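K.L.:
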Ligand code: ADP
Ligand code: MG
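In full-length UniProt numbering, the protein residues as written are 1 to 813.
(1) Kindly give me the distance between the Cβ atoms of residue 92 and residue 309, rounded to whole angstroms, as I take these residues to be in contact under 8 Å.
(2) Shortest alpha-carbon distance to residue 297 belongs to which of 122, 289 and 282?
(3) Return yes when at least one heavy atom of the ligand ADP lies under 7 Å from the C-beta of residue 99, else no.
(4) Candidates 414, 105, 400 and 634: which alpha carbon is nearest residue 430's?
(5) Going straight from the alpha carbon of residue 639 to that of residue 609, what length do you get?
(6) Could you give the distance in angstroms between the alpha-carbon of residue 182 and the alpha-carbon of residue 152?
(7) Just grab the DSSP bridge partners of residue 318 for me.
(8) Can you check which of these residues, 58, 26 and 169, is closest to residue 207 by C-alpha distance?
(9) Taking one C-beta from the region 1 to 13 and one from the region 302 to 320 each time, how about it: are there three or more such pairs within less than 8 Å?
(10) Counting only runs that start and end within the region 159 to 239, where is the beta strand (DSSP E) found for 3 or more residues in a row?
(11) What do you reckon, is the C-beta of residue 116 under 7 Å from a heavy atom of the ligand MG?
(12) Could you check if residue 585 belongs to the surroundings of the ligand ADP, using beta carbon to heavy atom distance under 7 Å?
(13) Hey, residue 89 and residue 2: beta-carbon distance below 8 Å or not?
(14) What residues in its chain sit with their C-beta under 8 Å from that of residue 477, if we drop five residues either side in the sequence?
(15) Can you tell me the Cα-Cα spacing of residue 255 and residue 102, whole angstroms?
(16) Considering only heavy atoms of the ligand ADP, does any lie closer than 7 Å to the CB of residue 105?
(17) Is it buried or exposed, residue 433, if we count other Cβ atoms within 10 angstroms and call 16 or more buried?
(18) When you compare only the Cα positions, how much space is there between residue 674 and residue 328?
(19) Could you check the C-alpha separation between residue 462 and residue 490 for me, to the nearest Å?
(20) Are the Cβ atoms of residue 816 and residue 196 separated by less than 8 Å?
(21) One question on the structure: do residue 655 and residue 591 come within less than 8 Å of each other, judged by their Cβ atoms?
(22) Let's test the definition: count the other Cβ atoms within 10 Å of the Cβ of residue 294 and tell me whether it reaches 16, buried, or not, exposed.
(23) From residue 564 to residue 118, what does the alpha carbon distance come to, in whole angstroms?
(24) With a cut-off of 8 Å on the beta carbons, I'd call residue 677 and residue 577 a contact; round off their distance for me.
(25) Near residue 480, what residues of its chain come up, given a Cβ to Cβ distance below 6 Å and the 5 sequence neighbours on each side ignored?
(26) Closer than 7 Å to a non-hydrogen atom of the ligand ADP - does that hold for the CB of residue 121?
(27) From residue 10 to residue 97, what distance separates their C-alpha atoms?
(28) From the DSSP output, in three-state form, read off residue 306 for me.
(29) Indicate, with yes or no, if the ligand MG has a heavy atom lying under 7 Å from the CB of residue 207.
(30) With a threshold of 7 Å on Cβ separation, who are the neighbours of residue 304 within its own chain once the five nearest residues in sequence on each side are excluded?
(31) Report the partner residues of residue 246 according to the DSSP bridge assignment.
(32) Count the CB pairs spanning the region 123 to 143 and the region 228 to 245 that are closer than 8 Å, and state whether there are at least three.
(33) Between the C-alpha atoms of residue 188 and residue 250, what's the straight-line distance to the nearest angstrom?
(34) To the nearest angstrom, how far is the alpha carbon of residue 60 from that of residue 222?
(35) Just the C-alpha distance for residue 570 and residue 204, rounded to the nearest angstrom, thanks.
(36) Can you tell me which of 324, 302 and 40 puts its alpha carbon nearest to the alpha carbon of residue 14?
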């Protein structure tokens, strides 16, 4: 058992604006416990709630200042927890702090750079690396990802659901068994055998979380996310299994309701968040006070799930994330205060070992087989089947003649076969009962005489008893197993069918749908690596499903999306990452080729050395002398070349492996960015469509059931609009047409990006850059399909452009 208080660390986020001097200082004297001093400026201290103090000091295990990078955080905070997790102890790392203080950055990582990966990806990488190194045990890893929002749990990894809102995700509920163990019903566990598989699950969950978030719920700042790695290990041949769980937790923003000052729906949420964190605080307070017998874990879902992590069987670490800017000082102080309380909580971590009933059954079955074999060896023949009819008849004949034999010395000889002996007794008993033979003395004396082999019979009995006992044990264990299975099924409620489906979906028979991703790492030169990339296909197809990206997006919408994408701020990040990815691909390709070269060179060198050996031996034989005792210089040279080549090969291989992880990560980041873009576009599109319906009579008059090109004034206007485009201009007829024309240049700035200066408009208005904003195809060639959905999409798009142009022109005038 390991007794330990919860470890607390602080991390200060770099400020958005220029560093404000004198707000805090860190004292990290080697001999003393590091402390963080927060200095409240006088102007703020006055208004500070009932408090005139100007400086606050808090102790932490360590304090990481703004310049601490992700690697440092992992090495100092997460690695020790991961190590004890690998040894079989439960572990938890949770980040606590106000919104924007860097919790997600610390736990999951930044969305742009590979070097920004946070604790989860780094820990996964470390865990799988260690597991690979240790061949003395058999390990199994599973992943689950739970989001708690408004006291409701949601499974972020359920493959059956296409999430477009949180409600679409399966609801996870808590079950408590009689031993007060918590089970999460509906939370799916997914086996991950490699780092890539685990990473895919992380990104899948994050994507689901992002998709489910709406501007109304802002779930990412108001929900708690618990990413859990479940590890079981056992030594080969042992029936004892060790289980450990590692929770990596990104808590909701800890800011107070008073400060958010919101009302209505949002207030309910804020209250909930506060409720949830308030219950966490209550648990922490109860735990930090001595002699408190009742700890109110059950008050909230989060404290129930994290029950073991708080004052229980777990090694727990808290990271207080701080955004030490002037306006955030009160929140930062309250975060530090919370941490000081947490540091008082003592946990007792134990190794979680249990006997696996399935393995036990296997072992007992083996023992039975061994006993049976032993029995067969003693008796000289196997005794597995029942006696045949002929044998039974023969036995009965023997019994009859034995009974009829008047010779007191006569014996009933059936051989050393328990089945026959039992049958004889059984038959005699039957005869005795049936015919009421009273001359039992004869029989019994005869039977006693049968004890000619008393020792053997004893032995049989013993063996038989053992067999019976084992059979009983197996029955008990089978029952136990059935119960366990039922419990687990109840707890997880993941039907086998779905698990099968999930496994299937992990190996899709088709290539990834996104052509941009068709650019696979050309690792055919390094065959052992190539297969690992199959997970990419799985990921992209899942993402496709998850984002609900329809294969056939209607034309108007598609065009609008293209323009939206071009002007979106994130497209820069996507492009940057694309560039890096391209570089990495070509580096990987070059490396693959070099590795291939090195490999064939190694082959050649080996061949040469062998040839040299053969020559030496042949020379020795032909000259009738032994192989020269002196080392052959040429061979030495070849050998050192071989060693050198092997070293080169290994270095390149290691690099290729690292590249592979980086490429995978970058692709996942890009996927995520694309999904985000798509989502923002959907929101924008919906808003535009809604505005249109309110403002535009053209669209108001649109009856979805009718083909739209029927004569109404506005529709005629539209069809005219379409044909005008084909003649070169994107002119709007009627009022204000001239103004629209002048603004066309900026038509592609559909996004709420800043309106260009009038000057830049003038400059560009001489050219006709519309070509690059509108796809090559003339708009008039856009088929009006008669499908009301598609047509109204086109309509919506055109109207949206119109509206924005109008706004812009009015604005710029
Ligand atoms: P939270 O999850 O606490 O609301 P985030 O992790 O989302 O906060 O951080 C808010 C913003 O600050 C993000 O854009 C993130 O990339 C950035 N950020 C946070 N911590 C750091 C850090 N240590 N270094 C650089 N950027 C950071
Ligand atoms: Mg966050």
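Cβ coordinates follow ideal geometry from the N, Cα and C atoms, glycine included. Values in this document were obtained by computation on a predicted structure and should not be read as measured data.
P.N.:
Here's the rundown:
(1) Residue mapping note: residue 92 aligns to position 92 of the chain shown, counting from 1. Residue mapping note: residue 309 aligns to position 309 of the chain shown, counting from 1. 4 Å between Cβ atoms; contact.
(2) On the chain shown, position 297 is the one that residue 297 refers to. Of the candidates 122, 289 and 282, the one whose C-alpha sits nearest the C-alpha of residue 297 is 282.
(3) As a working note, residue 99 is residue 99 in the chain shown. Indeed, a heavy atom of the ligand ADP lies less than 7 Å from the Cβ.
(4) In the chain shown, residue 430 corresponds to position 430, counting from 1. The option with the nearest alpha carbon to residue 430 is 400.
(5) As a first step, residue 639 is located in the chain shown; it is residue number 639 there, counting from the start. As a first step, residue 609 is located in the chain shown; it is residue number 609 there, counting from the start. Approximately 8 Å between the Cα atoms of the pair.
(6) For this step, residue 182 is matched to residue 182 along the chain shown. For this step, residue 152 is matched to residue 152 along the chain shown. Going by the C-alpha atoms only, they are around 16 Å apart.
(7) Looking up residue 318 in the chain shown gives position 318. Paired residues: 8 and 94.
(8) By one-based count along the chain shown, residue 207 stands at place 207. Out of 58, 26 and 169, 169 has the C-alpha closest to the C-alpha of residue 207.
(9) yes
(10) Runs of beta strand (DSSP E) with 3 or more residues, each lying fully within the region 159 to 239, are found at 171 to 176, 182 to 185 and 224 to 234, listed in chain order.
(11) By one-based count along the chain shown, residue 116 stands at place 116. Checking the Cβ of residue 116 against the ligand MG gives no.
(12) Within the chain shown, residue 585 is the residue found at index 585, counting from 1. No, since every heavy atom of the ligand ADP falls outside the 7 Å radius drawn around the Cβ of residue 585.
(13) The residue given as residue 89 occupies position 89 in the chain shown. The residue given as residue 2 occupies position 2 in the chain shown. Yes, the Cβ-Cβ distance between residue 89 and residue 2 is below 8 Å.
(14) Residue 477 sits at position 477 when you count from the first residue of the chain shown. Excluding sequence neighbours, residue 477 sits near 357, 360, 361 and 364.
(15) For the purposes of this step, residue 255 is taken as the residue at position 255 of the chain shown. For the purposes of this step, residue 102 is taken as the residue at position 102 of the chain shown. Near 13 Å, if we compare the C-alpha coordinates of residue 102 and residue 255.
(16) Counting from 1 along the chain shown, the entry for residue 105 is found at position 105. Checking every heavy atom of the ligand ADP against the Cβ of residue 105, one is found closer than 7 Å.
(17) Counting from 1 along the chain shown, the entry for residue 433 is found at position 433. Classification for residue 433: exposed.
(18) Along the chain shown, one-based indexing puts residue 674 at 674. Along the chain shown, one-based indexing puts residue 328 at 328. So the two alpha carbons sit approximately 32 Å from each other.
(19) As a first step, residue 462 is located in the chain shown; it is residue number 462 there, counting from the start. As a first step, residue 490 is located in the chain shown; it is residue number 490 there, counting from the start. Cα-Cα distance, rounded: 42 Å.
(20) Nothing in the structure corresponds to residue 816, since the chain is present only between 1 and 813.
(21) For the purposes of this step, residue 655 is taken as residue 655 along the chain shown, with counting starting at 1. For the purposes of this step, residue 591 is taken as residue 591 along the chain shown, with counting starting at 1. Result yes, Cβ atoms of residue 655 and residue 591 sit closer than 8 Å.
(22) Position 294 of the chain shown, counted from the first residue, corresponds to residue 294. Burial call: exposed.
(23) On the chain shown, position 564 is the one that residue 564 refers to. On the chain shown, position 118 is the one that residue 118 refers to. In a straight line, the C-alpha of residue 564 is about 30 Å away from that of residue 118.
(24) If you number the chain shown from 1, residue 677 lands on position 677. If you number the chain shown from 1, residue 577 lands on position 577. For residue 677 against residue 577, the beta-carbon gap comes to about 13 Å, at or over 8 Å, which does not count as contact.
(25) Taking the first residue of the chain shown as 1, we reach residue 480 at position 480. 357, listed in sequence order.
(26) On the chain shown, residue 121 is found 121 positions in, with the first residue counted as 1. Result no, Cβ not under 7 Å from the ligand ADP.
(27) Reading the chain shown from its first residue, position 10 is the one you call residue 10. Reading the chain shown from its first residue, position 97 is the one you call residue 97. Looking at the two C-alpha atoms, the distance is approximately 10 Å.
(28) Taking the first residue of the chain shown as position 1, residue 306 is located at position 306. Correct three-state label for residue 306: coil.
(29) For this step, residue 207 is matched to residue 207 along the chain shown. No, the ligand MG has no heavy atom inside 7 Å of this Cβ.
(30) Along the chain shown, one-based indexing puts residue 304 at 304. Excluding sequence neighbours, residue 304 sits near 174, 182, 297 and 298.
(31) On the chain shown, position 246 is the one that residue 246 refers to. 91 and 229, per the DSSP bridge assignment.
(32) yes
(33) Within the chain shown, residue 188 is the residue found at index 188, counting from 1. Within the chain shown, residue 250 is the residue found at index 250, counting from 1. Distance between the alpha carbons of residue 188 and residue 250: 19 Å.
(34) Within the chain shown, numbered from 1, the residue matching residue 60 stands at position 60. Within the chain shown, numbered from 1, the residue matching residue 222 stands at position 222. Computed Cα separation, rounded: 26 Å.
(35) As a first step, residue 570 must be located in the chain shown, where it is residue number 570. As a first step, residue 204 must be located in the chain shown, where it is residue number 204. Using only the alpha carbons, I get a separation of about 20 Å.
(36) Counted from its first residue, the chain shown places residue 14 at position 14. If we check each option's Cα against that of residue 14, 324 comes out closest.
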